[in-house]
Structure formats: structure tokens, C-alpha cells
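> Numbering (my numbering), first residue to last: 2 to 324.
Let me begin by handing over the structure; questions about it come next.
Next up, the structure:
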């Protein structure tokens with residue numbers, strides 16, 4: 002049984018339900034919401050083949066140097082340490098999800114993927130649903146944005162799975178400006194699913210991907226990342242969509258080669274987090290501000306709490322909670 006990381010509790014398990022009424026009446030697109038990048042990578046299967054999301058040379062190396070190559074891949078594929086339940090308890094409400102079938106495996110089973118295969122998608126959804134059933138005022142945004150080795154039958158299987166697991170908790174696609182926490186509570190909706198694939202067209206509870214743009218800086222340098230995030234915030238759509246600020250650095254092949262034995266967390270994330278989190282703390286939600294913010298290894302800093310507290314800036318001085 003996997004042990005819970007030290008210092009991780011459920012202090013923010015009910016943060017949405019605890020917001021002041023003035024905030025629960027605002028469109029969700031104007032609130033600050035903490036999210037995780039590659040949300041499911043807290044466990045990957047080193048015994049399964051390398052995923053179809055990887056380039057040919059990575060698959061070749063993994064075949065030639067199986068055990069060694071996969072040990073390296075684990076260090077660079079994992080971007081989170083917390084399970085879905087632990088992330089939810091910590092306050093994370095947006096999940097970045099990439100999925101794949103296992104080529105050659107019979108049936109239509111779908112798995113989370115990031116270089117290496119993770120858990121079955123169904124297991125993750127059931128864990129999220131269990132949390133939501135216990136916390137009736139909490140809402141999650143599930144962003145299915147990358148698909149690998151999936152044909153039409155796989156998409157039908159996954160969409161049906163989402164409907165079976167969440168049922169009446171699924172929020173139907175509508176004007177983003179209408180989505181307030183009050184609206185969601187009244188309708189007893191707790192899940193907004195974004196499905197970036199034509200297979201979901203015409204299905205009311207599957208929101209199109211264009212309603213949740215997530216510009217990607219694709220850089221290893223924190224200063225370039227911050228410049229990119231500020232530029233894309235200024236260009237944020239005024240109407241019709243949520244917005245994801247990806248406060249993450251992306252390793253290149255050269256980065257991996259230089260930091261081979263350390264891995265993503267030690268070589269790239271930990272040393273640059275102070276700069277990135279300083280920028281996050283300086284942000285403000287609202288019409289022209291941040292909405293969803295994602296991070297790697299959300300437990301390394303007080304990430305969720307920092308993002309949630311930004312919402313106090315939307316209150317007048319008399320309404321702000323004492324720190």
C-alpha cells in the first residue's frame with residue numbers, strides 16, 4: 002500500500018463549498034482554480050511496453066536497454082506524486098488527462114499515459130467520483146486533451162464510461178459565462194468534461210476543447226515561461242472559454258541527457274519552483290486575470306493554497322477573511 006506523503010492533508014477538500022457567496026455567484030472562469038499537469042503520473046507501469054506517445058528512438062532504446070531505459074523514463078515521465086484522492090484533498094480541481102489504448106491488447110480498455118502507461122482510466126474516474134460523492138459542493142474539470150492508439154470504438158467506450166461513472170453529476174455544455182458554483186450546486190453538477198476529439202460532437206455532457214485553451218510555453222527557462230504566461234493572459238479570450246495557465250517547464254532531449262540520473266523533479270522543477278511560484282503569488286483572478294493554474298508536483302510548495310487564496314483579491318476589504 003502506498004503511503005501518504007508527509008504534510009499532505011485534506012485542508013482544502015471543501016474549499017469551493019466554503020467560498021464567500023459573492024464568489025460562488027461569479028462565473029467560474031473568473032475564479033482562481035488549482036490544477037495539476039499530467040495529473041495521473043503518480044504511478045507508471047515499468048513492465049508494460051513504452052507508450053505510443055513516444056518517438057521512435059525512445060521506443061528503440063527502451064527495447065534495447067529495457068530495464069535501464071525505463072528507470073530513466075520513470076524519472077522523466079512522472080510529474081506528480083499524489084494520487085487523485087490526495088490531489089483532491091489538497092484542493093486540486095482541474096486535471097490534465099492523456100489517454101491511450103495498449104496496442105495489441107484485446108478489447109477497448111483505456112489507460113492514462115505519459116511515456117509509460119499508468120492506471121486504467123476507469124479506476125481513476127471511480128476514485129474521483131467517490132470523492133465527489135462525499136463532498137457535494139466540490140466541482141472538478143477533467144480535460145481529456147491527448148489520445149493515442151484510439152479508434153472510434155475506443156472513443157465510444159471512453160465517452161460511455163464517463164457517462165456511466167459520473168451520471169447526473171456531468172454538466173451539460175452551455176455558455177461558459179453561465180457556469181457559476183451556485184448554478185452547478187443548484188443543478189447538482191460536479192463534473193465538467195472537456196473532450197478534444199470529434200467523437201464527442203453532439204453529446205451534450207462533453208464540452209469541446211476550444212472552451213478550455215491551455216497555451217504551452219515549451220521552454221526550460223523560467224523567465225521565458227513567465228514572459229509567455231503574461232503574454233497569453235493578455236490575449237485571453239474575453240468570452241466563451243475558461244483559461245489554463247500552464248506554470249510548467251518542459252524538458253528537451255538535451256535537458257534529459259544532462260540530468261539523466263536526477264530526473265525531472267530534481268533537475269528541472271525543484272530548482273525553478275521559487276521563481277515560478279513567486280510569479281503565481283503575484284497574480285490576480287478576474288476578467289483579465291488568471292483562471293486555472295497548473296503545476297508539476299503540486300505538493301512541493303503550498304501550491305493549491307496559494308492559488309485558492311488569490312480569490313480573496315476579488316473580495317472588497319470588508320469581505321476578506323483574515324489570514
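By construction, the Cβ of each residue, glycine as well, lies at the ideal position given by its N, Cα and C atoms.
Taking only runs of the beta strand (DSSP E) that begin and end inside the segment 101-144, which ones reach a length of at least 3 residues, in chain order?
112-115, 117-121
> Assign residue 94 to buried or exposed, taking buried as 16 or more other Cβ atoms, counted over all protein chains shown, within 10 Å of its Cβ.
buried
> For residue 175, which option in 204, 131, 222 has the closest C-alpha, if you only look at C-alpha atoms?
Cα-wise, what sits closest to residue 175 is 204.
> With 16 as the cutoff for other CB atoms within 10 Å, does residue 30 come out buried or exposed?
buried
> Thinking C-beta only, is residue 148 closer than 7 Å to residue 100?
yes
> Output needed for residue 244: all residues of its chain with C-beta closer than 6 Å, excluding positions within five of it in sequence on either side, in chain order.
237, 292
> Exposed or buried, what is residue 194 when buried is set at 16 or more other beta-carbons lying within 10 Å of its beta-carbon?
buried
> Along the beta strand (DSSP E) that carries residue 35, what are the first and last residues, could you check?
Run containing residue 35: 34-37, per the beta strand (DSSP E) assignment.
> Is it the case that the CB of residue 148 approaches a heavy atom of the ligand ATP more closely than 6 Å?
Inclusion of the ligand ATP in the displayed structure is not the case, the ligand content being empty and no account of it being possible.
> For residue 45, which of 131, 117, 98, 202 has the nearest alpha-carbon?
117
> At a cut of 8 Å, does the segment 288-307 reach the segment 259-276 through at least three beta carbon pairs?
yes
> Would DSSP call residue 303 helix, strand or coil?
DSSP places residue 303 outside both helix and strand once states are collapsed to three, so it counts as coil.
> Would DSSP call residue 278 helix, strand or coil?
The DSSP-derived three-state label of residue 278 is helix.
> DSSP three-state label for residue 285, please.
coil
> Taking only three categories from DSSP, how would you classify residue 272?
helix
> Pop quiz: residue 265 and residue 77 are said to be a contact at Cβ under 8 Å. What is the actual Cβ separation, rounded to whole angstroms?
5 Å
> Here's the rule I'm using: 16 or more other beta-carbon atoms within 10 Å means buried, otherwise exposed. How should residue 23 be labelled?
exposed
> By Cβ distance, which residues of its chain are closer than 8 Å to residue 154, with the 5 residues on each side in sequence left out?
Cβ within range, chain order: 109.
> With 16 other CB atoms within 10 Å as the buried threshold, where does residue 48 fall?
exposed
> Kindly indicate which three-state DSSP category residue 74 falls into: helix, strand or coil?
helix
> Quick check on the DSSP output: the beta strand (DSSP E) that includes residue 193 runs from which residue to which?
The continuous beta strand (DSSP E) containing residue 193 extends over residues 192-196.
> Going by CA-CA distance only, name the one from 140, 126, 38, 119 that's closest to residue 327.
With the chain covering 2 to 324 only, the question about residue 327 has no answer from this structure.
> From residue 82 to residue 42, what does the alpha carbon distance come to, in whole angstroms?
7 Å
> So within the segment 219-269, which uninterrupted beta strand (DSSP E) runs reach at least 3 residues, ignoring any that extend past its ends?
For secondary structure counted as the beta strand (DSSP E) over 3 or more consecutive residues, the segment 219-269 holds these complete runs in sequence order: 245-247.
> Run through the DSSP bridge pairs and tell me what residue 147 is partnered with.
99
> Taking the Cβ atom as the reference point for each residue, do residue 215 and residue 35 lie within a distance shorter than 7 Å?
No, the pair does not count as a contact, with Cβ atoms beyond the cut-off.
> Express the C-alpha separation of residue 172 and residue 1 in angstroms, rounding to a whole number.
Since the first and last residues shown for the chain are 2 and 324, residue 1 lies out of range.
> Measuring alpha carbon to alpha carbon, tell me which residue in 135, 105, 146, 167 is nearest residue 125.
167
> Can you tell me whether residue 87 is buried or exposed, with buried defined as 16 or more other CB within 10 angstroms of its CB?
Classification for residue 87: buried.
> So, with DSSP's three-state summary, where would you put residue 291?
strand
> Less than 8 Å between the CB atoms is what I'm expecting for residue 39 and residue 97, so what's the real figure, rounded?
6 Å
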